[in-house]
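Undergrad: Sharing a structure, written as C-alpha cells. Questions coming.
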Amino acid sequence: MAAKALDQLSRQHADFYVPTFTVLVGERDVVRELFLTVSNVQLDLKERSPGQFSFTVANSFDLERREFVAMRGDKPIDLFELFAFGSPIRVRLGYGEGPSLELSGLVTELSTSFAAGGTPELMVKGFDALYPLTIGKSTRNWEDEPDSTAVTDVARNRGLKADPERTTPVQKRIDQSQQTDMAFIESLAERNKATFYLRGDELYFGSRHQHDSAVVSLSWGFGLVSFAPEANLARQVSEVRVHARSATEGKEIVGKAGRGDETGRDSGASSGSERVGKALSSTPLLSVRAPVHTQAEADERAKALLDERAQDFVTGSGECIGLPEIVPDVNVELGGMGQGFSKTYWVSEATHTIDGGGYKTTFKVQETTVR
C-alpha cells in the first residue's frame, strides 16, 4: 500500500482545520459534561516503554473554597478525587470525525503551582497499562520454552492481552531474577531483536515493522515543518563476536555477525558497519562474553548486538502537522531534503500535542543505512 500523501491525508482529516480532543475519566467527558477548561493535551509514545498522557486543567481553582473543583449543577466535584491516583483516563486526539489516536491509562501524577498574581492550574499525567510492569520485582523461571511463552505469561499475569511472535530457539531455561516485568521483557526483546509496546489494549512483542510501507509521505515545507537527521559512525562496528561455553560439552563457542547481517537494510545504500570499515580501512570489532549456551544462541546474540549498533547510525527528529497515523513502529516517507536524507524512516518515538498553537506531531526516527 502506497504512503498517504498530504492531499489525501487532508481529505481524511477535514483539511486539518479543526483539531479536537476528548478526555474521559471513567465515562465522564471532562470538557463536555463537567465543563472543565482543558489545554495542552499531549500523548507521548515510545517503543519499549509505557505510553504517557498529560493535560492541564485551567480556571478550576475556586478562590472561595480554596480548592480545585468542577461544578455539576450546584454540586462541586473535588478534582483531586476526580483525578485520584489510579483513576482510568482515556485521551483521544484527531480532527473532527476522522481517524484519531487514542491512549487509555491511569493517573500517576498531579501537580500545580501557586504563584503571585496568577491562577493555579492543575496538571494531570499518567501512563498506559504497561506502567504496572515497572513496579515491583519478581523471580521465576521457565524450562524448555521459547522466550515468547515467558512474554505471554508475564503479560497475562498483569491482565494484558498478548499474542507475541513465536521466538526461536526453545530455551533450556529462562530466568527472571529480581527484575521488574518491564526490565525482563526488555531483556528478552534485546536478545530476540524485537520491540514491544501497547497498541490499543494488546501488548505487541515481535520484530520491528521496518519493511512495511510508509503510512504517510511528507516533504519539507509541505506538511513536514522541520527535520534534523544525523549520520554518525561513533558506535558503529564491522563485526560482533559473542563468546560463551556450550551447555552440553563445555566447549568455547563464538557467535559472529558482520556487515550485511543488519535488519531493515535499504538496498542501494550503505550501513554503518560498511561505512566505518571504509573510513578506518580496518574491521572494528566488538567482542563480548554473554550467558548463552548454544551456537545458535550465540549467533543470534551477535546479530542482536550488531543491530543495536546499526540502529544508531542514522537518527533524526522532526516536526509535522498533527497526524494520528504517526506512532512508534511505523515508517514515514520524508522528502525534499536531497538524495542523502530523502528516504523512508522507521519511527521510534512520537509525541502528539494539541495546545493554543493547534495540533502538531514531533517524532524521532532511526535508520541503518545512508546513500
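Under this note's numbering, think of the first position of the sequence shown as 1330, with each following residue one higher. For every residue, glycine included, the Cβ atom is placed at its ideal position computed from N, Cα and C.
Taking Ser1548 as the reference, give the member of Asp1641, Lys1672, Leu1392 and Arg1419 with the closest Cα.
TA: Ranking Asp1641, Lys1672, Leu1392 and Arg1419 by Cα distance to Ser1548 puts Lys1672 first.
Undergrad: If the criterion is Cβ atoms closer than 8 Å, does the pair Glu1426 and Thr1385 meet it?
TA: No, they are not a contact pair.
Undergrad: Only counting the same chain, and skipping five residues up and downstream in sequence, which positions put a Cβ closer than 7 Å to that of Asp1636?
TA: The residues are Lys1522, Glu1591 and Thr1592.
Undergrad: How far does the alpha helix (DSSP H) with Val1480 in it extend, from its first residue to its last?
TA: Note, Val1480: alpha helix (DSSP H), Asp1476 to Asn1486.
Undergrad: Please specify which runs of the alpha helix (DSSP H), each continuous and at least 4 residues long, are wholly inside the region 1490 to 1540, giving them in chain order.
TA: Qualifying alpha helix (DSSP H) stretches, in chain order: 1510 to 1520.
Undergrad: For Gln1371 and Thr1680, which I take to be in contact (beta-carbon distance under 8 Å), what is that distance rounded to the nearest angstrom?
TA: Their Cβ separation, rounded to whole angstroms, is 7 Å, which keeps Gln1371 and Thr1680 in contact under 8 Å.
Undergrad: For Asp1403, collect the residues of the same chain with a Cβ closer than 6 Å to its Cβ; drop the 5 residues on either side in sequence, then sort them by chain order.
TA: So no residue of the chain qualifies.
Undergrad: Name the DSSP bridge partner or partners of Ser1467?
TA: DSSP output for Ser1467 lists Gln1508 as bridge partner(s).
Undergrad: Check Phe1390 in the structure and name its three-state DSSP category.
TA: Reduced to three states, the DSSP call for Phe1390 is strand.
Undergrad: Measuring alpha carbon to alpha carbon, tell me which residue in Lys1333, Met1666, Val1352 and Val1656 is nearest Phe1525.
TA: Nearest of Lys1333, Met1666, Val1352 and Val1656 to Phe1525, Cα basis: Val1656.
Undergrad: Have a look at Asp1407 and Lys1454 and give me their C-alpha separation to the nearest angstrom.
TA: Approximately 17 Å, taken between the alpha carbons.
Undergrad: Please give the ranges of any beta strand (DSSP E) in the region 1615 to 1642, keeping only runs that are unbroken, at least 3 residues long and fully inside the region.
TA: Correct list: empty.
Undergrad: For Pro1558 versus Val1643, is the C-beta distance shorter than 8 Å?
TA: Cβ atoms of Pro1558 and Val1643: closer than 8 Å.
Undergrad: If you check the beta carbons only, do Ser1567 and Thr1697 fall under 8 Å apart?
TA: Going by C-beta atoms, Ser1567 is not nearer than 8 Å to Thr1697.
Undergrad: How do the region 1529 to 1539 and the region 1487 to 1498 stand: do at least 3 beta-carbon pairs fall below 8 Å, yes or no?
TA: Judged by Cβ distances under 8 Å, the region 1529 to 1539 makes contact with the region 1487 to 1498, as three or more pairs qualify.
Undergrad: Between which two residues does the beta strand (DSSP E) carrying Gln1565 extend?
TA: Where Gln1565 is concerned, there is no enclosing beta strand (DSSP E), given that its DSSP letter is neither H nor E.
Undergrad: Just grab the DSSP bridge partners of Lys1404 for me.
TA: Note: Lys1404 sits in a beta bridge opposite Arg1401.
Undergrad: Which residue spans inside the region 1341 to 1387 form an unbroken beta strand (DSSP E) run of at least 3?
TA: Counting whole runs of 3 or more residues, the region 1341 to 1387 contains the beta strand (DSSP E) stretches 1348 to 1354, 1366 to 1375 and 1381 to 1387.
Undergrad: Does the region 1440 to 1449 come close enough to the region 1358 to 1375 to have 3 or more Cβ pairs within less than 8 Å?
TA: Too few Cβ pairs lie closer than 8 Å, so no.
Undergrad: So which of Ala1639, Asp1684, Gln1668 and Gly1686 has the shortest CA-CA distance to Trp1675?
TA: Per the Cα distances, Ala1639.
Undergrad: Where does Pro1417 sit, in a helix, a strand or coil, going by DSSP?
TA: It is a strand residue.
Undergrad: Check for me: the beta strand (DSSP E) holding Phe1692 runs from which residue to which?
TA: Here the beta strand (DSSP E) through Phe1692 covers Gly1687 to Glu1696.
Undergrad: Leaving out the 5 sequence neighbours to the left and right, which residues in its chain are closer than 6 Å to Asp1628 when beta-carbon positions are compared?
TA: Counting only Cβ-Cβ distances below 6 Å, and skipping sequence neighbours, we find Gly1584.
Undergrad: According to DSSP, is Pro1461 part of a helix, a strand, or is it coil?
TA: Three-state DSSP puts Pro1461 in a helix.
Undergrad: Tell me the rounded alpha-carbon separation between Gly1669 and Arg1604.
TA: Those two C-alpha atoms are separated by around 14 Å.
Undergrad: Would Phe1409 and Phe1390 be called neighbours here (beta carbons separated by less than 8 Å)?
TA: No.
Undergrad: For the candidate residues Tyr1688, Val1554 and Val1352, whose alpha-carbon lies nearest to that of Met1666?
TA: Measuring from the Cα of Met1666, the nearest candidate turns out to be Val1554.
Undergrad: Going by Cα to Cα distance, which pick from Val1352, Glu1474 and Arg1485 is closest to Ala1458?
TA: Ranking Val1352, Glu1474 and Arg1485 by Cα distance to Ala1458 puts Arg1485 first.
Undergrad: Please state the DSSP three-state secondary structure of Ala1444.
TA: Looking at Ala1444 - three-state DSSP - the assignment turns out to be coil, as it is neither helix nor strand.
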